[in-house]
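A short worksheet on the structure shown next.
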Amino acid sequence: MAAVKAYVAQWLQLGKRLELPGRSTSAAIAETVAGERYTANFENLWYSILHVELGNVYLLGTDVKIADLLTGTWELHECARCGLPVPLPPLGQAQVGPCVCADLSTWPNAETVPPHPPIASSVHLQGLRQRMEEAPMAPQPPTRP
0 MAAVKAYVAQ WLQLGKRLEL PGRSTSAAIA ETVAGERYTA NFENLWYSIL
50 HVELGNVYLL GTDVKIADLL TGTWELHECA RCGLPVPLPP LGQAQVGPCV
100 CADLSTWPNA ETVPPHPPIA SSVHLQGLRQ RMEEAPMAPQ PPTRP
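Per numbering that gives the first Met the number 0, the sequence shown starts with residue 0, numbered consecutively.
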């Protein structure tokens, strides 16, 4: 479920909208991440997807329903064009269409920070510290007398 949640959050960061069949408007939230967690607005939307709208919600640009992704039979892999997660159907099922990025004229864009899930900075920094402590020290030049 965490991978599907990250998939939705990252595409919303790029301006994609969630289609909520039966409603007159689609959902869009530009800010889905705040540091190490998802924003309250995104968490509320995610709750609604899971408990209210589950059956028919999908990202505009694809017809893969979030409910289908949550079954575990679909896989999320990086798009070869843009590097963001895209759904791949179960074995034996026909491909569903182009990447969700196909209709974004400004993406991919190497000059901007790409969308990302929340980052646990303390865990990341601890990993960096550990690698630095384990790395051999570079030889020091001899000191002059």
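Glycine residues also receive a C-beta, built at the ideal position from the N, C-alpha and C atoms.
Check                                                                                                 : Outcome
Reference Gly82; option with closest CA among Leu68, Ser25 and Pro107                                 : Pro107
Presumed contact (8 Å Cβ cut-off) between Ala26 and Leu13, rounded CB distance                        : Not a contact, Cβ separation roughly 14 Å.
Val155 versus Lys4, Ala2, Met0 and Gln9, residue with shortest Cα-Cα distance                         : Only positions 0 to 144 of the chain appear in the structure, and residue 155 is not among them; the question remains open.
Any beta strand (DSSP E) of 3 or more consecutive residues that is wholly inside the region 69–126    : 74–77 and 84–87
Rounded C-alpha distance that separates Glu30 from Ala5                                               : 13 Å
Reduced DSSP category for Lys4 - H, G, I as helix; E, B as strand; rest coil                          : helix
Three-state secondary structure (DSSP) of Ala66                                                       : helix
Three-state secondary structure (DSSP) of Arg128                                                      : helix
6 Å Cβ shell around Glu77 - same chain, five flanking residues per side excluded                      : none
Proximity below 8 Å, CB of Ala2 to CB of Leu75                                                        : yes
First through last residue of the alpha helix (DSSP H) which encompasses Leu49                        : Ala39 to His50
When Thr105, Pro89, Leu68 and Leu59 are compared against Arg80, the one with the closest alpha-carbon : Thr105
DSSP three-state assignment for Glu30, whether helix, strand or coil                                  : coil
Beta-carbon spacing of Val99, Gly60 below 8 Å                                                         : yes
CA-to-CA distance, Leu58 to Thr72, given in whole angstroms                                           : 18 Å
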